[in-house]
Amino acid sequence: MATTVRSGRSDAHRGDGGAAPYLVFINRSGWLRLEQNGMRVQGSPEQACLATAAQPFSVELAEATRPLVVFLPYDRVAARIGAHARMPALLDLSSGLGAVVGTVAEALIEQCSEVTAGEFDAVVRHIAEITCLSLGGGSGRRYPAGERGAPPGAGAPRLPSAPRPGRPSPPAPTA
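The structure is reproduced here in C-alpha cells:
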C-alpha cells in the first residue's frame, strides 16, 4: 500500500519572508514518486529526488519506504542550478558526488545531537553545494591525471557502477 503526501506553499505560508527551500528526498528503502510541475520522477534506493517547496508537489511512498528529507537553502541551490530550473530532478546516490551527498546526509542525521546548530547549518550548505555539482550545476572542471594542484586520485579512471541484482533502473522523468 502506498501513501501519498501533497504539499503546497504560498507567500502566506512563509513566516520568515524568505524564499522557499529546496528539498532533497533521499530514498533509503522502497521507492518514492515525486511529482511537480507536471513532471514525475521515481526514486529507488540509492537515488534521491530534488524538488522546490515554492511549488506544489506530491510524494507517493511505498509502504516500506524510509526517506530522509533534507531542506536545502534556496540561495545555495538557485545560484547553482538557476531559480527557474525544472523540478523535480533525480540524483544518483550510487557513485560519485551523489554518493557523497547520501553519505554526508546520513552521517549528519546520525550525529545531529553531537553538532551545534551552526555546524548543522554549515553541513547542510555543503550538501546543497554538492547536490548542485552532482546535477551539473558546477564548473564541470575535471582534473587530468597527474595535473599539478589536483586532489589525490583526481583523474583516475572511473569504472562504471555494476548493476545490482534485483534493482531495476527507474523510469526516466516524464513530462
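Throughout the sequence shown, residue numbering follows the numbering used here, covering 19 to 193 in sequence. C-beta: ideal position from N, C-alpha, C; glycine also.
Residues near S152 in its chain [Cβ-Cβ closer than 7 angstroms; skip 5 each side]: L109, G114, L115, G116, V119
Contiguous alpha helix (DSSP H) assignments of at least 4 residues, all confined to the stretch 68–99: 92–99
Cβ-Cβ separation, Y40 to A69 (assumed contact under 8 angstroms), whole Å: 7 angstroms
Sequence ranges, alpha helix (DSSP H) only - wholly within the stretch 115–162, length at least 4: 135–152
R104, buried or exposed, once every other Cβ within 10 Å from all chains shown has been counted against 16: That one is exposed.
Alpha carbon of E78 to alpha carbon of L111, nearest angstrom: 20 angstroms
Span separating the alpha-carbon of A71 from that of N55: 12 angstroms
Minimum Cβ-Cβ distance from H144 to chain D less than 9 angstroms: Given the protein chain composition of this structure (a single chain), no chain D is represented.
Cβ pair A123, I99 closer than 9 angstroms: no
Separation of G154 from S62, as counted between CA atoms: 21 angstroms
Segment limits, beta strand (DSSP E) that includes M57: 57–61
Per-residue burial, C150 [other beta carbons within 10 Å of its own, 16 or more giving buried]: buried
Between the CA atoms of V42 and R84 - distance to the nearest angstrom: 13 angstroms
Within 9 angstroms, strictly: CB atoms of A107 and V59: For the 9 angstroms CB-CB criterion, A107 and V59 form a contact.
Per DSSP, cross-strand counterpart(s) of R51: Q60, E78
Alpha carbon of F89 to alpha carbon of R51, nearest angstrom: 18 angstroms
Strand pairing of A107, partner residues [DSSP]: L68
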